[in-house]
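Data block below; observations after.
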Amino acid sequence: MKKLIQIAPLILFLACGTTNSKQDKIISINNEEIKYSVHNPDSDIACFFIHGFGDNQQSFHLLYPILDSLNIKMVIYDMPGMGENINSSIGMEQNLKLFSELFKKERAYRNIAIGHSMGGLFMLLSTIENNLNFDEIIAIEPSITEPDNSFFKYIQEPPLGVGVDAFASKERNEVGYNKFYNKSIKNSNITELKRLAKEVYQSFENSRKKIIDSELSFTYVYGEDSSGIEYRKGMSRYPSITTKGFKNAKHWVHFDAITEFKEFMIDKVITRKTK
Numbered sequence: 036m037k038k039l040i041q042i043a044p045l046i047l048f049l050a051c052g053t054t055n056s057k058q059d060k061i062i063s064i065n066n067e068e069i070k071y072s073v074h075n076p077d078s079d080i081a082c083f084f085i086h087g088f089g090d091n092q093q094s095f096h097l098l099y100p101i102l103d104s105l106n107i108k109m110v111i112y113d114m115p116g117m118g119e120n121i122n123s124s125i126g127m128e129q130n131l132k133l134f135s136e137l138f139k140k141e142r143a144y145r146n147i148a149i150g151h152s153m154g155g156l157f158m159l160l161s162t163i164e165n166n167l168n169f170d171e172i173i174a175i176e177p178s179i180t181e182p183d184n185s186f187f188k189y190i191q192e193p194p195l196g197v198g199v200d201a202f203a204s205k206e207r208n209e210v211g212y213n214k215f216y217n218k219s220i221k222n223s224n225i226t227e228l229k230r231l232a233k234e235v236y237q238s239f240e241n242s243r244k245k246i247i248d249s250e251l252s253f254t255y256v257y258g259e260d261s262s263g264i265e266y267r268k269g270m271s272r273y274p275s276i277t278t279k280g281f282k283n284a285k286h287w288v289h290f291d292a293i294t295e296f297k298e299f300m301i302d303k304v305i306t307r308k309t310k
């Protein structure tokens with residue numbers, strides 16, 4: 036809270052007099068037209084968002100207002116098979132290409148990548164495989180630890196797991212982010228989700244090894260109430276990975292601990308010097 040008070044004048048200065056704008060765009064990947072949007076396109080700082088499995092851009096909706104008020108460029112899209120891109124189908128490898136192409140097309144002077152869950156996995160792999168140059172990389176419980184591997188095994192088709200259909204249709208309470216996720220996954224393309232679930236699971240160990248061995252520097256964010264917490268905390272043993280835990284938060288840290296996460300974001304996006 037003390038840090039937030041200290042940077043409050045900076046926030047007011049940046050927000051004062053800004054003119055926010057939004058552009059709706061389309062990018063073609065593997066002959067599929069993918070919709071995305073760009074907010075504040077003329078900013079010198081850009082944030083690239085990528086959500087998780089069966090979700091959509093709603094995942095980050097509590098972060099958009101503060102970044103918009105600071106006139107930060109935001110590159111936002113629904114992963115193919117989800118949200119407004121429900122009718123598109125490109126699979127895992129082309130999703131990595133999509134993230135790379137968006138970066139090359141929309142990058143600014145300073146660039147920040149923010150990925151959650153499966154989106155965090157794709158963000159990290161795409162950055163490594165395509166040599167993307169981000170100033171800050173924030174991975175919110177990316178799918179690279181053992182509890183994530185267990186989840187993707189759980190949603191594999193029977194007899195290995197319960198299957199994506201069963202997972203998507205299961206009854207969940209409306210507590211926290213579940214009230215959004217319940218609708219999002221039911222309104223996703225189940226065929227594409229099955230494809231992604233299978234591809235992520237089959238490549239899980241290779242993907243994890245590639246990320247660790249790359250020595251890519253990023254911040255691993257986790258909720259202290261998440262499952263498999265010992266594995267998540269254990270990411271700190273890798274020198275290139277900085278871990279950051281948030282109290283009273285589970286998998287959707289950026290929703291559960293939004294006040295603290297906003298302060299964290301301001302520090303990462305605004306007050307850090309460019310490399």
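Here the sequence shown stands for residues 36 to 310, numbered as in our numbering.
Ideal Cβ placement from N, Cα and C applies to all residues, glycine included.
Under 8 Å by Cβ, that's how I've got residue i and residue j pegged, so tell me the actual separation to the nearest angstrom.
i, j, result
"ILE64", "ILE125", "6 Å"
"PHE253", "ASN184", "About 19 Å separates the two Cβ atoms, so there is no contact after all."
"VAL288", "GLU171", "Not really, about 16 Å apart at Cβ, beyond 8 Å."
"LYS245", "ILE190", "Between ILE190 and LYS245 the Cβ distance is about 22 Å, and since that is not below 8 Å, they are no contact."
"ASN91", "PRO115", "Not really, about 11 Å apart at Cβ, beyond 8 Å."
So who's on the other strand from residue i, going by DSSP bridges?
i, result
"ILE276", "PHE253"
"ASP59", "SER72"
"MET109", "HIS74, CYS82"
"ASN146", "ALA81"
"ILE64", "GLU67"
In the structure shown, what three-state DSSP assignment does residue i receive?
i, result
"PHE281", "strand"
"MET300", "helix"
"GLY155", "helix"
"PRO193", "coil"
"MET117", "coil"
"TYR99", "helix"
"ALA174", "strand"
"ILE46", "Unreliable positioning characterises ILE46 in this predicted model, as indicated by a pLDDT of 44, which lies under 50. A coordinate reading is not provided."
"GLY258", "strand"
"ILE179", "coil"
"ASN130", "helix"
"ASP248", "helix"
"TYR216", "helix"
"LYS139", "helix"
"VAL210", "coil"
Among the options, whose alpha-carbon lies nearest the alpha-carbon of residue i?
i, options, result
"VAL73", "TYR112, LYS285, PHE169, LEU98", "TYR112"
"THR350", "ASP59, LYS57, VAL256", "In the structure displayed, the chain extends from 36 to 310; residue 350 sits before or after that span and is not available."
"LYS303", "ASN283, ASN213, LYS279, ASN75", "LYS279"
"ILE62", "LEU97, SER104, VAL110, SER94", "VAL110"
"GLY118", "GLU298, GLN58, LYS218", "LYS218"
"HIS151", "THR277, PHE84, TYR236", "PHE84"
"ASP291", "GLU192, GLY211, LEU159", "GLY211"
"SER161", "LYS205, VAL199, SER135", "SER135"
"ASN283", "SER261, GLN58, ILE276", "SER261"
"LYS285", "GLU206, ALA232, ARG267, ARG272", "ARG267"
Worksheet item: So does the region 136-150 actually touch the region 80-100, counting three or more Cβ pairs closer than 8 Å?
Response: yes
Worksheet item: Three or more beta-carbon pairs under 8 Å between the region 86-106 and the region 218-231, yes or no?
Response: These segments touch.
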